[in-house]
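For the sequence shown, the tail end lands on 538 under the UniProt record's numbering, and the numbers increase by one without skipping.
Presented below is the structure to which this report refers.
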Amino acid sequence: TNGEHVAALVIGTGYGGSVTALRLARAGVDVHLVEMGMAWDTPGPDGNVFANTTRPDHRSFWLRTRTKQPLSNFLGFPLDKDVPRHTGILDAEEFGGITVYQGRGVGGGSLVNGGMAVTPRRERFGAVLPSVNADEMYGTYYPRANAGLGVTEVDTRWWESASCYQYARVGRKHAERSGFPFVFVPNVYDWEYMKQELAGLVPKSALAGEVLYGNNHGKKSLQKTYLAQAKATGRVTVSPLHRVTSVAPAASGYTVVVEQLDTAGAVTATKSVTADRVFFAAGSVGTSKLLTRLKATGALPRLNDEIGRGWGDNGNVMCGRANHMWDATGKLQSAMPTAGIDNWDAGGAFAEVAPLPTGIETYASFYLSITKNPHRARFTWNASAGRVELDWQTAWKQPSVDAAKTIFDKINQKEGTIYRTDLFGAYKIWGDHLTYHPLGGAVLDRATDNYGRLHGYTGLYVMDGSLIPGNTSVNPFVTITALAERNIERIIADDLRRPG
Ligand code: FDA
């Protein structure tokens, strides 16, 4: 409520925000979580909370009147359609050279993502977070994050014969025949539930193609893990459909300005609260946009020059391959990926074998590659336009395409197959216009100290993917969670417990 004072205000309810809320609350601190998206706890007219991936509706996109599906075309037909403008779950945020997909709602990206819960190979960690002690991460914080998120491995005996993973087994066969290591990756999906989906015993979720616009069953989003535990402390308040627009020093602590939104995106109230400490966990883009604007417009002028820098796309690039008729990938495809092709050391690419859950046989293999891309972009404030811009250029994806080609050119040659040209527009092979994995913009040990404390202001912290300098070599949310676990433990010990 307007004029309220809170001990700790957390902006955003994704991985960084959820870890922060749970650990602060367990340490006895009252926490207020502010989230611009919806609560996602109420069924829609069809009885489901979330819309299906194949039938996007008003719930699917954040304040758009037309869908912007990552796979825009199929067999020559554009897939996008008009939808009512609504505070939906997936934001396709457009910058000059890239569309950045992000989750919107209580749970952040955990609501929309594929649940792939991957810890980077230890020998690669030094390149991911150079200033962080790897022994501590692999000894304490990665295990803590994996436990908190409910990460488990698929039962490979079941997987070997499950019809819904035929696409992945075809992916393995092609990878191995070309000499690439094929690795299983853990997930947060409830595998027992998926087995029952396949057996026809429970309502289908992953096997109904649910991902991107939410999972009605089976996926352990943050709503079911960290946030449920945080709420159980009784010390955590969540305000959905509230967007933070300003943070500035007050007589004691900080003044935080928050806009309340209706489901059409209109501002219905503007509130001002004060907080002793403010934790920025609005995601790489959300936190970077806020800090860049607040520094440039004079609300937080002492933030340093590293704000807005070091942003990367985790080298995301997508492609499909057209298989021969004897390599059918299956009509029924689980929306939760289980495996990848690891050519990081030799070619700079880790390709997840992704589903294409269209409900029909496509004879297509589909991949999302994470690649070693050296380009880093910067957020800047455009005063005349009144917005934050990102200087990423479309052409900067070329190193990612080249890295992905080290895998798929070879597989195509070996199998006598070709790339699909119909998935991203007419005769367009590479999905090089987007990322699912924004990282950086307030990099650890540069914009902040080595634990996320923002330089220039006591009591302001960054806790999300903006701390990571642009690449994690695998899918990022386990690393975001583990880093938040590490940082908040230190912040609680040093900033909240130390007397005086
Ligand atoms: P996150 O983006 O999760 O949360 C930030 C929250 O802050 C959001 O809820 C947002 O609405 C809110 N917010 C922003 N600005 C605000 C403001 N001004 N006021 C109030 N609230 C504000 N990763 C992975 O490891 N495995 C995977 O399989 C996938 N798959 C995948 C698929 C798709 C489609 C997407 C879009 C993403 C993935 N990811 C993924 C990426 C993963 O989801 C992502 O890295 C994390 O969610 C980022 O966590 P953060 O805590 O940084 O922010």
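Heads up, the beta-carbon is just placed ideally off N, CA and C, and yes, glycines get one too.
Could you tell me which residues DSSP pairs with residue i in its beta bridges?
i: Asp380; result: Phe388
i: Asp129; result: Gln140
i: Asp120; result: Arg104
i: Gly252; result: DSSP output for Gly252 lists no bridge partner at all.
i: Thr312; result: His43, Thr293
i: Trp240; result: A quick correction: the sequence has Val, not Trp, at residue 240. Answer by DSSP bridge pairing: none, since Val240 is not bridged.
i: His280; result: Gln298
i: Ile49; result: Val72, Phe318
i: Arg425; result: Asn420
i: Tyr227; result: Lys257
So, for residue i: in the same chain, excluding its five sequence neighbours on each side, which residues have a beta-carbon less than 8 Å away from its beta-carbon?
i: Tyr457; result: Cys357, Gly358, Arg359, Ala360, Phe446, Asn450, Ile467
i: Lys258; result: Gly153, Leu187, Gly188, Val226, Tyr227, Asp228
i: Tyr251; result: Phe88, Ala89, Asn90, Thr91, Pro94, Arg97, Ser98, Gly126, Ile127, Leu128, Val150
i: Leu332; result: Ser284, Val285, Ala286, Leu338, Leu341
i: Ala464; result: Asn111, Gly114
i: Ile529; result: Tyr489, Gly490, Arg491, Tyr499
Do residue j and residue i count as a contact pair if the criterion is CB distance below 9 Å?
i: Ala319; j: Val166; result: no
i: Leu279; j: Thr58; result: no
i: Val223; j: Met154; result: yes
i: Leu101; j: Leu109; result: no
i: Gly152; j: Met363; result: no
i: Gly485; j: Asn352; result: As written in the sequence, residue 485 is Ala, which differs from the Gly given in the question. Not in contact: Ala485 and Asn352 (Cβ atoms no closer than 9 Å).
i: Gly350; j: Asn509; result: yes
i: Phe515; j: Asn381; result: no
i: Ser511; j: Ile408; result: yes
i: Tyr292; j: Leu47; result: yes
i: Val311; j: Thr39; result: yes
i: Ala377; j: Val221; result: yes
i: Gly497; j: Val316; result: yes
i: Lys452; j: Arg215; result: yes
i: Asp79; j: Thr103; result: no
i: Gly336; j: Ala480; result: no
i: Ala313; j: His43; result: yes
Taking 8 Å as the cut-off, is the C-beta of residue i nearer than that to any heavy atom in the ligand FDA?
i: Thr137; result: no
i: Glu73; result: yes
i: Leu109; result: no
i: Ser484; result: The sequence given here has Arg at residue 484, not Ser. Checking every heavy atom of the ligand FDA against the Cβ of Arg484, none is found closer than 8 Å.
i: Ala304; result: no
i: His280; result: yes
i: Met175; result: no
i: Ile445; result: no
i: Tyr53; result: yes
i: Pro476; result: yes
i: Thr283; result: yes
i: Leu250; result: yes
i: residue 553; result: Within the shown structure, residues of the chain are numbered from 39 to 538, placing residue 553 beyond reach of any answer.
i: Ala246; result: no
i: Leu332; result: no
i: Ala531; result: no
i: Asn253; result: no
i: Met154; result: yes
i: Val150; result: yes
Can you find the residues in the same chain that come closer than 6 Å, C-beta to C-beta, to residue i, ignoring five residues on each side of it along the sequence?
i: Ala180; result: The sequence shown places Tyr at residue 180, rather than the Ala named in the question. Hits under 6 Å: Thr157, Ala520.
i: Val138; result: Glu131, Val323, Thr473, Pro476
i: Thr275; result: His70
i: Asp365; result: Val208
i: Ala77; result: Val144, Pro278
i: Glu527; result: none
i: Glu523; result: Val57, Tyr179, Arg182, Ala183
i: Glu297; result: Arg281, Thr283, Val305, Thr308
i: Met74; result: Arg281
i: Thr432; result: Gly135
i: Lys106; result: Ala130
Spatial neighbours of residue i within its chain, please: C-beta separation below 7 Å, excluding the five flanking residues on both sides.
i: Gly538; result: At Gly538, the pLDDT of 44 sits below 50, so the modelled position is not reliable; the number obtained from the coordinates is stated separately. None.
i: Val355; result: Ser407, Thr409, Lys435, Ser438, Val439, Ala442, Trp468, Gly469, Asp470
i: Ser372; result: Cys202, Tyr203, Met232, Ala244, Leu245, Pro393
i: Ala268; result: Ser56, Ala59, Leu60, Ala63, Val274
i: Thr459; result: Tyr465, Lys466, Ile467
Is residue i near the ligand ZN, going by C-beta to nearest heavy atom under 8 Å?
i: Asn513; result: The ligand ZN is not part of the structure shown, which contains the ligand FDA as its ligands.
Touching by the beta-carbon criterion (3+ pairs, under 8 Å), the region 257-269 and the region 142-151
yes
With a cut-off of 8 Å, do at least 3 Cβ pairs link the region 415-427 to the region 381-390?
no
For the region 187-196 and the region 220-236, state whether three or more C-beta atom pairs, one from each stretch, are separated by less than 8 Å.
yes
Tell me whether the region 283-296 and the region 77-96 touch, counting them as touching only if at least three CB pairs, one residue from each stretch, are closer than 8 Å.
no
Is the number of C-beta pairs between the region 394-404 and the region 323-339 that are closer than 8 Å three or more?
no
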